[in-house]
Amino acid sequence: MIKISNVRKEFQEIEAIENVSIHVNKGSIYGLLGSNGAGKTTLLKMIAGIYEQSEGSILIDGRVVYENPSLKQEIIIIQDTPFFIPQYTLKQMGKVYRSFYPNWSEERFKQLAADFNLDVTKKIHKFSKGIQRQAAFILALSAQPSVLILDEPMDGLDPVMRKKVKSLIFEDVADREMSVLISSHNLKEVEDICDHVGILHKGKMILERDLDDLKSDTHKIQLAFKGEIPQQLISSLDIVHQEKRGSIFICIVKGLEEELLTKIQAYHPVILDILPLTLEEIFLYEMEDAGYAVQNILD
Amino acid sequence: MFELDVRSRKPIYEQLVERLKELIISEILKTDEQLPSVRTLAQQLTINPNTIQKAYRELETQGYIYSIKGRGSFVSPPSLHIQSEKLEKVKSELNKLMSEALYLGMNAGDLINMVNNIEIASKGGLEDDQNQ
């Protein structure tokens, strides 16, 4: 389990992370979302033990990560630009990894290289961006880490490879209870892969929850009445956001679907649609709440 | 076995619970039949194993499946619970259809007649129909 409590990180004058706490359960896939410059990469690098936090604690299974080689043998991070030793082939990189990671499986390495159809004797820097990323995944998954940290992992992978990488990650989560941390701006992807999400904004966590719970207690409702919208109804709902388009009233409401239905149906609306929110919508509304929204140019 | 709609707004977990329920209610998955393992299903559908586990747990608390440690999950024998769920579904469909029928000009009397006729037909005629 990864436990981050009250972590702060500053680089000289800049405060990159201010007071962040996160829990990632063993075997969970955690999606870290956030605005540009929110501090996602800094946070991931601290969890991987690359940076040391200025304050607070980062524990993986109760152990401190920073400067702890025996724990780092179980952690792999794939950064937004994967790193390979210059001039090395995939086979040579495999040897380097094998010497660092005791869980390394040569068998898996060969299997994955064959699955991805990569030439292990070719120099990695001659591969395209997408194939270099595949190489990074092959190395990471062959090392069989207990924590896998991915910074913008799917960038540059084609849809076939995305599906393959996803199912390989799921396999390790199911078989070995590997914990995965993913940062991404592709919210659709995070929605499909992750079971927990956290949203980071300006160095602070503004939300951290089980994804299904998050989706089942916020809804988008479209309403229309024959006459005016009953004010009583509006004031009885927990409305996060509302707008009117012609005679249709659209609002984002907190609450369970069934309770909302019975509440609203009592007022006999002519149109009533309740839709679950997508992660993208949740993200946009939460960001709006945090004062980070797109200004409407037409206003 | 089945496909999930990843573009749908519905959480994958809910879709999964619904799909499996449908398969159990319609008896495509039979009593005591083993459900695919979390690992297999995660591979087949490319979805998070934790989501599948959660769906299985939910189905278990609702009484649709039972699990044996180390062996997997199996379909429970049909219970009153499942029957009542089926009934609720039929009721809501009838509700929709009858509202439509009323809107299209049928009246309550027509509907009641229809119901009576159906009841007679399904019971194989009136008890004393030889007298008519």
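Respectively, the protein sequence lines represent chains A and B.
First residue of the first sequence: 14, per the numbering used here; consecutive thereafter.
First residue of the second sequence: 128, per the numbering used here; consecutive thereafter.
By construction, the Cβ of each residue, glycine as well, lies at the ideal position given by its N, Cα and C atoms.
query: For VAL217(B), would you say it is in contact with chain A, using Cβ-to-Cβ distances shorter than 8 Å as the test?; result: no
query: What is the DSSP secondary structure of ASN32(A), counted as helix, strand or coil?; result: strand
query: At a CB distance below 8 Å, what residues from the stretch 157–185 of chain B approach chain A? Give them in sequence order.; result: VAL165, ARG166, ALA169, GLN170, THR173, ILE174, ASN175, PRO176, ASN177, THR178, LYS181
query: Would you kindly check if the distance between the Cβ of ASP251(A) and the Cβ of VAL266(A) is under 8 Å?; result: yes
query: Mapping DSSP to helix, strand and coil, what is PHE129(A)?; result: coil
query: Would you please verify whether the beta carbon of LEU140(B) is less than 8 Å from any beta carbon of chain A?; result: Correcting the residue identity first, residue 140(B) is Tyr in this sequence and not Leu. Interface residue, yes.
query: Please work out which residues of its chain come closer than 8 Å, Cβ to Cβ, to PHE201(B), disregarding the five sequence neighbours upstream and downstream, and give them in chain order.; result: ASP159, GLU160, GLN161, LEU162, ILE192, TYR193, SER194, ILE195
query: Could you tell me whether the Cβ of LYS148(B) comes closer than 8 Å to any Cβ of chain A?; result: no
query: Cβ atoms of LEU56(A) and VAL77(A): under 8 Å apart, would you say?; result: no
query: HIS232(A) bridges to which residues according to DSSP?; result: VAL266(A), PRO289(A)
query: Would DSSP call ARG184(B) helix, strand or coil?; result: helix
query: So what does DSSP say about LEU297(A), is it helix, strand or coil?; result: helix
query: With 8 Å set as the bound, which would you pick, yes or no: does the beta-carbon of ARG198(B) sit closer than that to a beta-carbon of chain A?; result: no
query: If the criterion is Cβ atoms closer than 8 Å, does the pair GLU256(A) and ILE263(A) meet it?; result: yes
query: Which of the three DSSP states is assigned to ARG175(A) in this structure?; result: helix
query: Can you find the residues in the same chain that come closer than 6 Å, C-beta to C-beta, to GLU301(A), ignoring five residues on each side of it along the sequence?; result: none
query: Taking a contact to mean a Cβ-Cβ separation below 8 Å, would you say ILE151(A) touches LEU125(A) in this structure?; result: yes
query: Among the residues of its own chain, which have a CB less than 8 Å from the CB of GLN278(A), if the five just before and after it don't count?; result: LEU285
query: Return the Cβ separation of SER155(A) and SER180(A) in integer angstroms, given the expectation that the two are a contact with Cβ distance under 8 Å.; result: Incorrect: roughly 16 Å between the Cβ atoms, too far for contact.
query: Does the pairing of the stretch 192–207 of chain A with the stretch 157–169 of chain A give three or more beta-carbon distances under 8 Å?; result: yes
query: When you compare the CB of LEU288(A) with every CB in chain B, is at least one pair closer than 8 Å?; result: yes
query: Should ASN175(B) be labelled buried (16 or more other beta-carbon atoms within 10 Å of its own) or exposed?; result: buried
query: If you measure from the beta carbon of SER291(A) to each beta carbon in chain B, is any gap under 8 Å?; result: Correcting the residue type first, residue 291(A) is Thr in the shown sequence and not Ser. Yes, THR291(A) counts as interfacial toward chain B.
query: Considering only the beta carbon of each residue, do LEU236(A) and VAL210(A) sit closer than 8 Å?; result: no
query: Can you list, in chain order, the residues of its chain with a C-beta nearer than 7 Å to that of LYS215(A)? Leave out the 5 residues immediately preceding and following it.; result: ALA51
query: Just tell me which of HIS36(A), ASP225(A), VAL173(A) has its CA closest to the CA of LEU72(A).; result: HIS36(A)
query: At a Cβ cut of 8 Å, what residues of the stretch 270–281 of chain A count as close to chain B, listed as they run along the chain?; result: none
query: Give me, in chain order, the residues of the same chain whose beta-carbon lies closer than 6 Å to that of GLY107(A); leave out the 5 immediate sequence neighbours on both sides.; result: PHE122
query: By the three-class DSSP mapping on this structure, what secondary structure does ASP223(A) have?; result: strand
query: In chain B, which residues lie less than 7 Å from SER180(A) when you measure between Cβ atoms?; result: GLN170, THR173
query: What's the C-alpha gap between ALA148(A) and LEU131(A)?; result: 8 Å
query: Applying the criterion that 16 or more other CB atoms from any shown protein chain within 10 Å of the CB defines a buried residue, is ASP74(A) buried or exposed?; result: exposed
query: Per the contact definition of three or more C-beta pairs closer than 8 Å, is the stretch 37–45 of chain A in contact with the stretch 199–209 of chain A?; result: yes
query: So, is GLU271(A) buried or exposed, given that buried needs 16 or more other C-beta atoms within 10 angstroms?; result: exposed
query: Could you give the distance in angstroms between the alpha-carbon of MET225(B) and the alpha-carbon of GLU212(B)?; result: 20 Å
query: For GLU246(B), count neighbouring C-beta atoms within 10 Å of its own C-beta (all shown protein chains included) and say buried if the count is 16 or more, exposed if not.; result: exposed
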